[in-house]
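To start, the structure itself, in structure tokens.
Numbering (this note's numbering), first residue to last: 14 to 447.
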């Protein structure tokens, strides 16, 4: 298969323009030990992949700005013996197809990295996150300083990679949107399959297995995060991932699951009755959450902040809790006192992209940052009544409902990418009965 690496070339060119006389240095992800001599599945560092499209460990990227910008990649050389065990590598010659200006073996890192830092005003890097990477960068800086005594310049500051690369990643281009749409489409199919398959007597892990199988069967590389498949009272646990419980007649099943496709993540949540019909109490809670989500989706547009969306969701949920008799007083009282937080304790939205909680600043000079075209977000209000909920909420104990969709902000509003998954109560019931 011929891979088009031109998007990565364009991104590196953009970085080089922003660097001035600086240099960006990024290390690829390293295999992580799971137990004994078994490693976890390898996934490339998102920033590294965003700028290279290179999916192998033990590599380093340097992008140099200035009058003669260039990109340098150091990779693991070909090694037939290791490739017999771990699979084929691109090697130095093969990596030239990525469109970088220079490629060297990673074995030359200690020699070449200090040279790449010379006469550079600053280094854009990730520092303090990896105890194995930090010393290598420190050693290179120390060697560059020693050469500075002989007349060469060396960096005088370190700059967090978030200030440059993460801001680029906040805005999705058409290629990225296409990959997100594919991740969402695959995830949507899995959610619909789960609605059709779940029945009283089946186990949460059976539905989780169905989700994972659907992801892989449709070309997804992996899950974007550990799926949440919580039935009955488990739906009230925000990050429940054990998937052990047997589902009972009358249960709600909350599924928060999304796949990754081409390194881009989907993030969808639906809640539905495993018996095919909502009880009166379940439906009442469900309709409140749905109304809160719809209010946010209608409001999502350039210039709106995530804080404003959260406030809109909170207001609808507070009114709903008052209507149910769970809270007393006015909506303003519930908002100001925070009494609603017993039932809605998380934020409504986050960025979505290569990471399920994607990068990019949420605040600018201490103020919530307005949304802009090209930004992708989630909208996910919920209500959770734990088995220990107060007496006022006794009729709703054990009910947990969250509804989450993925939205692309466009010039005139927002487009729901995950609309293929039923969420109107009657549509959900119909899907569950198929």
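C-beta atoms are modelled at their ideal positions from N, C-alpha and C, and glycine is treated no differently.
Residue pairing of residue 397 in beta bridges, as defined by DSSP: 413. With a 10 Å radius around the Cβ and a threshold of 16 neighbouring Cβ atoms, residue 228 comes out buried. The segment 247-256 makes contact with the segment 207-226; the number of CB pairs closer than 8 Å reaches 3 or more.
Here the C-alpha atom of residue 61 lies approximately 26 Å from the C-alpha atom of residue 50. Residue 412 and residue 304 have their alpha carbons spaced roughly 17 Å apart. Each residue's CA atom was taken as its position, placing residue 21 and residue 64 some 5 Å apart. Proximity of the segment 352-360 to the segment 279-294 falls short of the contact definition, fewer than three beta-carbon pairs being nearer than 8 Å. Annotation for residue 284: the continuous beta strand (DSSP E) segment containing it runs 281-286. Here DSSP, grouped into helix, strand and coil, assigns residue 316 to coil. Out of 237, 87 and 265, the CA that lies nearest to the CA of residue 445 is found in 265. Apart from the 5 residues on each side of it in sequence, residue 84 sits with its Cβ closer than 6 Å to the Cβ of 25, 76, 113 and 114 in its chain, given in chain order.
Here the C-alpha atom of residue 270 lies approximately 20 Å from the C-alpha atom of residue 438.
Secondary structure at residue 140: coil, using DSSP grouped into helix, strand and coil. Classified as exposed, residue 404 has fewer than 16 neighbouring CB atoms from the shown chains inside 10 Å of its CB. Under DSSP, the beta-bridge partners assigned to residue 392 are 418. Contact between the segment 147-159 and the segment 98-108 is not established, with fewer than three Cβ pairs separated by less than 8 Å. DSSP assignment within the segment 115-161 yields the following whole beta strand (DSSP E) runs of 3 residues or more, N-terminal first: 115-118 and 136-138. Taken through DSSP and simplified to helix, strand or coil, residue 94 comes out as helix. Within the segment 59-92, the beta strand (DSSP E) runs of at least 3 residues that lie entirely inside it are, in chain order, 73-77 and 83-88.
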